[in-house]
Amino acid sequence: MKEKIALAYSGGLDTSVIAKWLQEQYHAEVITVSANLGQQKELVGIEEKAYKTGAKKAIVLDLREEFATEYIFPALKAGALYEQSYPMATSLGRPLIAKALVEVARAEACTAVAHGCTGKGNDQVRFETAIAALAPDLKIYAPLREWEFKSRQEEIEYCQRHGIPVKATKENPYSIDENMWGTSIECGILENPRVAPPEDAYQRTVSPEQAPNESATVEIEFESGVPISLDGKALPPVELIMKLNEIAGAHGIGRLDLIENRLVGIKSRELYEAPAATVLHFAHRELERLTLDKDTMHYKAKIAHDYADLIYNGLWFSPLRYALSAFVEETQKVVNGVVTLKLYKGNITLLSRWSPNSLYDERLATYSAEDQFDHKASAGFIKIYSLPLKTYYRINGAPTSKPAIEAK
-3 MKEKIALAYS GGLDTSVIAK WLQEQYHAEV ITVSANLGQQ KELVGIEEKA YKTGAKKAIV
57 LDLREEFATE YIFPALKAGA LYEQSYPMAT SLGRPLIAKA LVEVARAEAC TAVAHGCTGK
117 GNDQVRFETA IAALAPDLKI YAPLREWEFK SRQEEIEYCQ RHGIPVKATK ENPYSIDENM
177 WGTSIECGIL ENPRVAPPED AYQRTVSPEQ APNESATVEI EFESGVPISL DGKALPPVEL
237 IMKLNEIAGA HGIGRLDLIE NRLVGIKSRE LYEAPAATVL HFAHRELERL TLDKDTMHYK
297 AKIAHDYADL IYNGLWFSPL RYALSAFVEE TQKVVNGVVT LKLYKGNITL LSRWSPNSLY
357 DERLATYSAE DQFDHKASAG FIKIYSLPLK TYYRINGAPT SKPAIEAK
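In our numbering, the protein residues as written are -3 to 404.
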């Protein structure tokens, strides 16, 4: 009886080779599973391409709505940016793809699943950790960790011998992963961190220098931390994200060139394009400044760091991630309102923010005649607040430090 393998299939170079390679190595029936997460180019002709590799069945799943509501928005509400920068489009997509892969494997009576992740990348951990959580009985194949190919050039030549169409060429060797939340670009000349990114590496944003000379203004409304309208028009999640990608990308917003710390212990140089994600994280953060109390806001910043690490490290389905999500959801009940931004040549400027839950009280903040702050109360507050320090140094002596002005 032939083994039946469900393959996470993007239609890119690696998974195109894998689909044929699994058939040759294991005499297996291969069912390709492709997830529509809002990528623009990779899905064109993907079923036909899969069948050209000899796939027994090619399944394409539209997961855009689930991706936006169940993965992107929880991360947005958490303020999750890996190493304070990366919105983690790829990291967020992997657990959803793994979930879909497992569901297809079950439905098609597969005994194994396969992915196209490299042996030194993060995605192998994300896929296999998610599969271990959802279907620990399934066998997992990771051909890139064991096959004979030593370079992408050899893979390209393999595809050419088998008549498999791929976009990568010897002249254009970028590895690109795309979904609605962002695009990641690596390989080729980008592996040298001393070299500035060539303009042809970018996929969905214009160079800030080439962006329009006129700025764009966008108004984003949030409800419980979730964006619900753009420029006064209510939009479903996917449409809102894609529209904002278009607007912000045209103004050079969302380009990142990062040296990041991979889970497997090495540093890598990655280019990212995340126009909508960059704008929405910015707007969401500014609305939280207006609506969250000081202690919650400061504590949530610590949670955001841990939440981002969990996503990046492949632990989306972990009990800790679920527990942190419960905390985040509680904080978002008051994150309601409208934020207005100006987009201009790669920069975002905050124009205004408003919330029915705003904690900003102009009568307390003003220095005008309308000031209602009790200034006299500050003396007692400072006396109590500084009492521990005063007591400590009265008993132990004043802290030693070099005098600002040396005596002569």
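Every residue, glycine too, gets a C-beta built ideally from N, C-alpha and C.
Only a predicted model underlies this, so the values are computations on that prediction, with no experimental measurement involved.
What span of residues does the beta strand (DSSP E) with residue i cover, start to end?
| i | result |
| --- | --- |
| E266 | 263 to 269 |
| A31 | 25 to 32 |
| R349 | 343 to 350 |
| F218 | 212 to 219 |
| T179 | 178 to 182 |
| L18 | Here L18 belongs to no beta strand (DSSP E); instead the alpha helix (DSSP H) covers 9 to 22. |
| I185 | Neither: I185 is in no beta strand (DSSP E) and is coded neither H nor E. |
| G333 | 333 to 340 |
| E142 | First-last for E142: undefined, no H or E at that position. |
| I1 | 0 to 4 |
| R251 | 251 to 257 |
| N175 | 171 to 175 |
| K239 | Taken as a continuous stretch (DSSP letters only), K239 belongs to no beta strand (DSSP E), being part of the alpha helix (DSSP H) at 233 to 245. |
| I224 | 222 to 226 |
| K135 | 135 to 137 |
Between which two residues does the alpha helix (DSSP H) harbouring residue i extend?
| i | result |
| --- | --- |
| T107 | Run containing T107: none; DSSP gives neither H nor E here. |
| P315 | 315 to 327 |
| D367 | Here D367 belongs to no alpha helix (DSSP H), and DSSP marks it neither H nor E. |
| I378 | 373 to 381 |
| E153 | 148 to 158 |
| A297 | 290 to 308 |
| I127 | 119 to 130 |
| R359 | 358 to 361 |
| E205 | That residue, E205, is in no alpha helix (DSSP H); it is neither H nor E in DSSP. |
For the putative contact between residue i and residue j, defined by C-beta atoms under 8 Å, what is the C-beta separation to the nearest angstrom?
| i | j | result |
| --- | --- | --- |
| L140 | D10 | 6 Å |
| A300 | P83 | At roughly 12 Å, the Cβ-Cβ gap does not stay under 8 Å, so A300 and P83 are not in contact. |
| K48 | G159 | 7 Å |
| V40 | L3 | About 19 Å separates the two Cβ atoms, so there is no contact after all. |
| S220 | N353 | Their Cβ separation, rounded to whole angstroms, is 10 Å, which puts S220 and N353 out of contact at 8 Å. |
| A85 | A270 | 6 Å |
| R349 | L306 | With 8 Å as the limit, R349 and L306 do not qualify as a contact, their Cβ atoms being about 29 Å apart. |
| I344 | F278 | 5 Å |
| Y67 | A304 | 13 Å between Cβ atoms; not a contact. |
| V162 | I127 | Wrong, their Cβ atoms sit about 26 Å apart, outside the cutoff. |
| G89 | R60 | At roughly 11 Å, the Cβ-Cβ gap does not stay under 8 Å, so G89 and R60 are not in contact. |
| L416 | A31 | With the chain covering -3 to 404 only, the question about residue 416 has no answer from this structure. |
| A74 | V275 | With 8 Å as the limit, A74 and V275 do not qualify as a contact, their Cβ atoms being about 17 Å apart. |
Comparing alpha-carbon positions, which option in the options lies nearest residue i?
| i | options | result |
| --- | --- | --- |
| D253 | L320, W143, E182 | E182 |
| Y5 | A64, S220, G115, V100 | V100 |
| N175 | P161, R157, Y268, G248 | Y268 |
| T107 | A192, A85, A131, T125 | A131 |
| K16 | Y363, A110, E79, V324 | A110 |
| S211 | I243, V234, E187 | I243 |
| G342 | T336, D302, P208, S171 | P208 |
| K116 | A361, T179, A138, E235 | A138 |
| L347 | S203, A230, V275, T336 | T336 |
| I249 | A103, S314, Q199 | Q199 |
| V334 | L283, V324, A365 | L283 |
| E144 | L316, V13, V324 | V13 |
| E215 | H280, G184, R251, A96 | H280 |
| A103 | R90, L134, T125, S87 | L134 |
| G245 | Q206, I378, L316 | Q206 |
| L339 | Y356, L240, K73 | L240 |
Is there a C-beta anywhere in chain B that falls below 8 Å from the one on residue i?
| i | result |
| --- | --- |
| L252 | Judged by its chain identifiers, the structure shown contains no chain B, having just a single protein chain. |
Practice task
Examine the Cβ distances between the region 327 to 342 and the region 254 to 267 and report whether three or more of them are shorter than 8 Å.
Solution key: no
Exercise for the section: Check whether the region 276 to 292 touches the region 144 to 154, counting contact only when three or more Cβ pairs, one atom from each stretch, lie closer than 8 Å. Expected result: no
Handout entry: At least 3 beta-carbon pairs within less than 8 Å: the region 48 to 56 vs the region 22 to 30
Key = yes
Exercise for the section: Spell out a yes or no on whether the region 306 to 318 and the region 113 to 127 are touching, meaning 3 or more CB-CB pairs, one atom from each, closer than 8 Å. Expected result: yes
Practice task
Would you check if the region 357 to 373 and the region 386 to 399 touch, i.e. whether three or more CB-CB distances between them fall below 8 Å?
Solution key: no
Practice task
Starting from the N-terminal side, write out each stretch of the alpha helix (DSSP H) that is 4 residues or longer and does not extend beyond the region 35 to 70.
Solution key: 42 to 48, 60 to 63
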